[in-house]
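If you count by this note's numbering, then the sequence shown holds residues 12 to 402, one letter each, in order.
The C-beta atom is built at its ideal place from N, Cα and C for all residues, glycine as well.
Below: the structure, in structure tokens.
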Amino acid sequence: MIPRYDPTYTFSDLFQCAAVTGRDTSSDELASRLKQIYQVRHAFLFESARVALYAILRAHNRPGKVLMPAYNCIVVPEAVRFAGYEPVFLDIDLSTLNVRPETIQAALTEDCRAILATHLFGIPCDMDALKAAVESQDILWIEDAAPALGAEYHGQLVGNFSDAAIISFQATKVLSAENGGALLTNNDELAERIRGIQSQVVEPGGRLPLLLKALGRKVVTHPAVYPVTQAAFQAIRRPKMYEIVEPLERMPENFFSSCPPFTASLILQQLNNLSRNLSARRELACIYQQELSGFNWLSMPLIPDHCSPAWIQFPILVEDKVGLFEFMQRKGVDLSWTFRYSCADSYGVADCPKAQKAAKSMLGLPTYPSLTTSQARKICSILRTYRPMHQ
Ligand SMILES: *Cc1c(COP(=O)(O)O)cnc(C)c1O
Numbered sequence: 012m013i014p015r016y017d018p019t020y021t022f023s024d025l026f027q028c029a030a031v032t033g034r035d036t037s038s039d040e041l042a043s044r045l046k047q048i049y050q051v052r053h054a055f056l057f058e059s060a061r062v063a064l065y066a067i068l069r070a071h072n073r074p075g076k077v078l079m080p081a082y083n084c085i086v087v088p089e090a091v092r093f094a095g096y097e098p099v100f101l102d103i104d105l106s107t108l109n110v111r112p113e114t115i116q117a118a119l120t121e122d123c124r125a126i127l128a129t130h131l132f133g134i135p136c137d138m139d140a141l142k143a144a145v146e147s148q149d150i151l152w153i154e155d156a157a158p159a160l161g162a163e164y165h166g167q168l169v170g171n172f173s174d175a176a177i178i179s180f181q182a183t184k185v186l187s188a189e190n191g192g193a194l195l196t197n198n199d200e201l202a203e204r205i206r207g208i209q210s211q212v213v214e215p216g217g218r219l220p221l222l223l224k225a226l227g228r229k230v231v232t233h234p235a236v237y238p239v240t241q242a243a244f245q246a247i248r249r250p251k252m253y254e255i256v257e258p259l260e261r262m263p264e265n266f267f268s269s270c271p272p273f274t275a276s277l278i279l280q281q282l283n284n285l286s287r288n289l290s291a292r293r294e295l296a297c298i299y300q301q302e303l304s305g306f307n308w309l310s311m312p313l314i315p316d317h318c319s320p321a322w323i324q325f326p327i328l329v330e331d332k333v334g335l336f337e338f339m340q341r342k343g344v345d346l347s348w349t350f351r352y353s354c355a356d357s358y359g360v361a362d363c364p365k366a367q368k369a370a371k372s373m374l375g376l377p378t379y380p381s382l383t384t385s386q387a388r389k390i391c392s393i394l395r396t397y398r399p400m401h402q
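Right, dumping it as structure tokens:
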């Protein structure tokens with residue numbers, strides 16, 4: 012069985028981080044490394060990327076509308092609401108999987124306070140067009156680079172184009188831990204205000220629960236164990252391939268919390284391998300692009316030459332999502348469901364048919380660095396034998 016994902020840390024990374032004794036300075040070190048990599052003046056760590064987003068918006072302190080793509084992780088509009096703002100959903104374009112500049116322009120109103128440029132699955136969005144759309148506006152421009160650590164646009168790291176950016180270290184992202192997120196900014200005033208609200212940040216719990224969770228995740232995604240994991244998972248529930256997910260009503264207690272030092276040390280441990288991690292992902296994506304082009308029942312995002320994605324997975328759009336998913340399962344390949352919902356449906360506020368279509372037809376091919384190129388080729392050759400139901 013080929014698992015849908017594999018955490019990027021090794022058992023040895025975990026044990027090295029577990030062995031740290033005394034005062035752990037990993038959080039400060041990780042923040043400095045990020046500042047250095049991104050060449051930004053300020054980096055803050057939080058419990059997750061969503062909390063980093065919440066912190067930026069709280070610091071901005073101008074409640075109003077925040078524009079964002081409707082096809083996105085549900086935790087993003089939740090964080091926006093928790094910070095006292097109103098999420099506004101924009102429909103996407105199915106060829107880029109992101110929002111078109113015209114859509115943004117049409118949605119810009121007096122009461123828009125911020126816009127999220129989302130690098131979905133690590134694919135840089137069209138920053139030139141976005142810049143042109145928002146440049147003359149008095150709004151905060153935030154990059155949601157949660158899945159895009161290391162992705163580049165015209166040779167420059169995404170996360171570096173706007174007023175502030177968020178990055179995630181959650182288990183399915185470019186570098187994995189159990190939680191963790193970063194906020195990057197060059198805006199001194201915003202940084203000062205973030206420092207101002209940091210006294211409200213809750214300290215995380217101990218390292219043992221995180222270590223055990225990370226260890227458990229590494230074990231259950233191990234190829235030898237994965238068939239058992241799969242069987243257990245399917246016995247518990249048969250997930251729907253599309254659903255209307257209910258947003259959280261209220262902000263959970265302890266939501267505004269910091270990044271645990273254990274998480275920071277696990278990310279630091281992997282940061283030296285970042286370029287190898289990214290080139291492995293890009294090589295796998297390249298195989299998918301080459302071997303899966305020309306099918307009338309499958310499409311993939313258009314990637315301009317000046318974009319170098321970080322590929323946390325490789326999204327494909329198919330007519331028969333459930334059929335293909337089950338077919339691949341029978342052949343020993345577990346695909347990712349991606350987001351099985353449109354945020355616009357969850358909030359019942361806007362009509363975004365293409366976001367809904369993406370939710371109903373998208374599957375993710377694995378791009379984690381431990382996947383070999385021959386496994387990727389095998390996935391392609393299995394995919395090629397699939398015959399969609401309606402054909
Ligand atoms: C994963 C992800 C998030 C959320 O990151 P957390 O660290 O889990 O809060 C936000 N936006 C996008 C585009 C993501 O992929």
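In its chain, beyond the 5 residues on either side, Y82, Y253, F350, R351, Y352, S353 have a beta carbon closer than 7 Å to the beta carbon of A370.
Note that the C-beta distance between L277 and C123 is not below 8 Å. By DSSP's assignment, P80 forms a beta bridge with L101. Cβ contact annotation for A188 (same chain, cutoff 6 Å, sequence separation greater than five): F180, T274, L277, I278, in chain order. Look at Q167 here: in three-state DSSP terms it is strand. Buried is the label assigned to K184, since at least 16 other Cβ atoms lie within 10 Å of its Cβ. When the alpha-carbon of P238 is set against those of V344, E146, D155, D35, the nearest one is in V344. Annotation for F244: the continuous alpha helix (DSSP H) segment containing it runs 237-247. Distance from the CA of I115 to the CA of S23, rounded to the nearest whole angstrom, comes to 46 Å.
When secondary structure is reduced to three states using DSSP, D155 falls in the strand class. A contact between stretches requires three or more CB pairs, one per stretch, nearer than 8 Å, and the region 64-81 meets this requirement with the region 192-205. Counting along the chain, L219 sits inside no beta strand (DSSP E); it lies in the alpha helix (DSSP H) bounded by residues 218-231. By the Cβ neighbour-count rule, L219 is exposed, with fewer than 16 other Cβ atoms within 10 Å of its own. S106 and E58 have their C-alpha atoms spaced approximately 33 Å apart.
When the Cα atoms are used, D137 and F172 turn out to be separated by approximately 11 Å. Cα atoms of G375 and L168: separation of roughly 24 Å, rounded to the nearest angstrom. Taking 8 Å as the cut-off, the beta carbon of R293 is found closer than this to the beta carbon of W322.
Under DSSP, N109 takes part in a beta bridge, and its partners are D104. Considered as a whole, the region 336-390 harbours 373-376 as its complete beta strand (DSSP E) runs of no fewer than 3 residues, in chain order.
Annotation for L131 indicates a beta carbon within 7 Å of some heavy atom of ligand 1.
DSSP places H71 inside the alpha helix (DSSP H), whose first and last residues are 60-71. Just measuring C-alpha positions, the residue of V213, G161, L328, A296 sitting nearest I48 is G161. In the structure shown, G191 falls within a coil segment according to DSSP collapsed to helix, strand and coil. Look at P158: its beta carbon is less than 7 Å from one of the heavy atoms in ligand 1. Cβ contact annotation for C391 (same chain, cutoff 8 Å, sequence separation greater than five): I298, Y299, E302, L303, in chain order. DSSP lists L309 as the beta-bridge partner residues of V329. When DSSP reads this structure, A175 sits in a beta bridge with I153, T196. The secondary-structure analysis by DSSP pairs F55 across a beta bridge with L194.
Under the DSSP assignment, A125 falls in the beta strand (DSSP E) whose first and last residues are 123-129.
Taking 8 Å as the cut-off, the beta carbon of E260 is found no closer than this to the beta carbon of S357.
Contact annotation: L151 and A176 have beta-carbon atoms that are not nearer than 8 Å.
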